[in-house]
Amino acid sequence: MLENNVGGNVEAAATRPILSYQKLSIGDETAQYDDTILANPTNARKTESNFVLMSVLFSANHGCFNTCLALAASRLGETGAWQSSILYISYTLSSLMGTTYLVKRLGARNALFLGMGLYCAYVGCFWVTKGLEHDHRRVVVAYTGAGLGGMGASILWTAQGGYFSLAAKEHAKWVDQPLGESTASLAGIFAFLYLGGEVFLTLASSILVARTVSWETIFFIFTVIAVVSTLLFPMVIKDYPRDLEDYEVEDLGSVFHKVTAASQLLWNDPKMKYMIGFNATFGFTAAFLNSYVSGQVVPKALDDPHSEYIGLFVSWVGIVAATASLIFRKGKTNQKESILIFGATCFFGVVFPFVIQPNPERYGWFVLLLVYTLHGIGRATFEGTLKATFADYFPHEPEGAFANIILQNGLAGAIGYILTFVLLCKQPARYCIEYTNGTLHNVFLFEFIVVISAILAVWGLIRASALFYAECL
Numbered sequence: 157m158l159e160n161n162v163g164g165n166v167e168a169a170a171t172r173p174i175l176s177y178q179k180l181s182i183g184d185e186t187a188q189y190d191d192t193i194l195a196n197p198t199n200a201r202k203t204e205s206n207f208v209l210m211s212v213l214f215s216a217n218h219g220c221f222n223t224c225l226a227l228a229a230s231r232l233g234e235t236g237a238w239q240s241s242i243l244y245i246s247y248t249l250s251s252l253m254g255t256t257y258l259v260k261r262l263g264a265r266n267a268l269f270l271g272m273g274l275y276c277a278y279v280g281c282f283w284v285t286k287g288l289e290h291d292h293r294r295v296v297v298a299y300t301g302a303g304l305g306g307m308g309a310s311i312l313w314t315a316q317g318g319y320f321s322l323a324a325k326e327h328a329k330w331v332d333q334p335l336g337e338s339t340a341s342l343a344g345i346f347a348f349l350y351l352g353g354e355v356f357l358t359l360a361s362s363i364l365v366a367r368t369v370s371w372e373t374i375f376f377i378f379t380v381i382a383v384v385s386t387l388l389f390p391m392v393i394k395d396y397p398r399d400l401e402d403y404e405v406e407d408l409g410s411v412f413h414k415v416t417a418a419s420q421l422l423w424n425d426p427k428m429k430y431m432i433g434f435n436a437t438f439g440f441t442a443a444f445l446n447s448y449v450s451g452q453v454v455p456k457a458l459d460d461p462h463s464e465y466i467g468l469f470v471s472w473v474g475i476v477a478a479t480a481s482l483i484f485r486k487g488k489t490n491q492k493e494s495i496l497i498f499g500a501t502c503f504f505g506v507v508f509p510f511v512i513q514p515n516p517e518r519y520g521w522f523v524l525l526l527v528y529t530l531h532g533i534g535r536a537t538f539e540g541t542l543k544a545t546f547a548d549y550f551p552h553e554p555e556g557a558f559a560n561i562i563l564q565n566g567l568a569g570a571i572g573y574i575l576t577f578v579l580l581c582k583q584p585a586r587y588c589i590e591y592t593n594g595t596l597h598n599v600f601l602f603e604f605i606v607v608i609s610a611i612l613a614v615w616g617l618i619r620a621s622a623l624f625y626a627e628c629l
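For the working numbering, count along the sequence shown from 1 and bump the result up by 156.
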């Protein structure tokens, strides 16, 4: 009953015009509204067009990165799994070591450019390693690329969150609507284009493999695409103005405060603590799907030693996620919680079948397609609805908020990739599965962790939502 009353108050508040560019917080009763700023459809279209172009270039660059990440375990074996773990560790540590400060200093657009450049190093390392098949330097190149890619991911997603928040505020101003509606709309657009680019690239990899194109050539093509999209970015994407006055007289204390913005937000804002479950669940589930299902189950279940079907499954995840993103973008502020809970339930569904039936050889196309479908739906909520929710929940510290997504998701992903290979067992049993390299691994503990984290995610989302609506009163 209390939540219903609060939700009604928020909806009532959200119907009033929001005209101020400076204060657009949902439910902010102290906001000052500038009646001289009027809706401007032409400027709104310019904001949307720039955001779409940013999303297209971002998706081309990140699509190459993500396709390589999905293929790492299947193409590089155990080296690929450890490479992915190093990437996630670098990704997580970078979020704690000044990413927010760097993004604020460079500005969102320039930080995006830097992150995309580091992504090029990660994608390029796959091309280089294919030419070093039987050389010890192959491991060095793979791990170095992972470290740079992790730093790039931390910078990129923190900057994307900042850029998204700025674009949403500008869009809300020009169309004269509540900020929550603009965050939902732009988040859906971004997720659709971002995931659509990923689908195109993963399908392209499968088609090229089917036409007997070498993996070395495929990774070279990905490297070129990543580099070109990066070089174009600062030439065609709008750079939002930055207020650098705070940095002109900063002392050691103020620098430390800005560097640790993400950890301070996590420590001081209880909403952020309750969001850990959802971010962690996505990290665990993505690691489980990429390293175990794609790396071990699919090759055995479908007799696919050359990873011909991995690209198709990964593409299907992107198709489902992109389609769902367009549906979820219509969600209003008080509907986002339900969408995220649905997403957490889908992540639960990705892993639960393997708890019931752990034998990889018992799976066929139907169940595997269902598993990848559920992950696609869950991923749509993470890539779109979650980002919009964070923009709503933490409007005054977007960089720190989005760095927390990196911290929580990245740490879970790193742990997940490690667990895939370190949980060894001595003899075959129900949950002691033989991997393609002949080693025996206990898969139950990892599956149990994902299932429990999904349950905790639902509870956390409900608590965070209640706190947010209470703040809006």
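Idealized CB from N, CA, C, for every residue including glycine. Since we're looking at a predicted model, the values are computed, not measured.
query	result
Status (buried if at least 16 other CB within 10 Å, exposed otherwise) for E354	buried
Within 9 Å, strictly: CB atoms of L445 and Y528	yes
Selected residue, minimal CA-CA separation from A478, among A442, E539, F440, P516	E539
Alpha-carbon to alpha-carbon, M210 and F522	36 Å
Span of the alpha helix (DSSP H), counted from its first residue to its last, around I611	600-628
Minimum length 4: unbroken alpha helix (DSSP H) runs contained in the stretch 359-397	371-392
Assigned exposure category for Q513 - 16 Cβ within 10 Å defines buried	exposed
C-alpha distance - G467 paired with A226, whole-angstrom precision	8 Å
Nonlocal neighbours in the same chain, by C-beta distance under 6 Å from G219, ignoring five residues either side	G353, E354, L357
DSSP state of A195 mapped onto helix, strand, coil	coil
Environment of V392 [buried if 16+ CB atoms lie within 10 Å]	exposed
Reduced DSSP category for A168 - H, G, I as helix; E, B as strand; rest coil	Residue placement at A168 is flagged as unreliable, the pLDDT there being 34, under the threshold of 50; the coordinate-derived value follows with that caveat. Helix at A168.
Closest Cα partner of S609 within the set T285, V208, G569	G569
Whole-angstrom distance between E493 and F438, CA atom to CA atom	16 Å
Within 9 Å, strictly: CB atoms of G303 and F282	no
Burial state of A366, where buried means 16 or more other Cβ atoms lie within 10 Å	exposed
Backbone secondary structure at L580 - three-state DSSP	strand
Given A500 as reference, the closest of L612, R265, F207, T339 once Cα atoms are compared	L612
DSSP state of L408 mapped onto helix, strand, coil	Its pLDDT being 44, under 50, L408 is placed unreliably by the model, and the measurement read from it follows with that caveat. Residue state, collapsed to three classes: helix.
Segment limits, alpha helix (DSSP H) that includes I493	The identity of residue 493 in the sequence shown is Glu, whereas the question assumes Ile. Run containing E493: 492-512, per the alpha helix (DSSP H) assignment.
Reduced DSSP secondary structure (H/G/I, E/B, other) of E553	coil
Nearest-angstrom Cβ-Cβ length linking L530 and C502, presumed shorter than 8 Å	4 Å
Rounded C-alpha distance that separates A544 from F346	11 Å
Proximal residues to A626 (C-beta, below 6 Å), its chain only, five neighbours per side dropped	none
Start and end residues, beta strand (DSSP E) containing E590	588-590
Status (buried if at least 16 other CB within 10 Å, exposed otherwise) for V614	buried
Under 9 Å between C-beta atoms of E326 and Y247	no
Expected contact under 8 Å - CB spacing of F434 and L542 to nearest Å	7 Å
With 16 other Cβ atoms within 10 Å as the buried cut-off, status of Q583	exposed
Beta-carbon proximity list for M428, same chain, < 7 Å, skipping 5 on both sides	L421, L422, N560
Uninterrupted alpha helix (DSSP H) stretches inside the stretch 199-274 (no shorter than 4 residues)	234-252, 255-262
R265 burial status per 10 Å Cβ neighbour count (16 or more: buried)	buried
C-alpha distance - A277 paired with T595, whole-angstrom precision	31 Å
Straight-line Cα distance separating L252 from E590	37 Å
Contact under 9 Å by Cβ, T537 with A480	yes
For L268, the nearest candidate out of T592, V607, E555 (CA to CA)	E555
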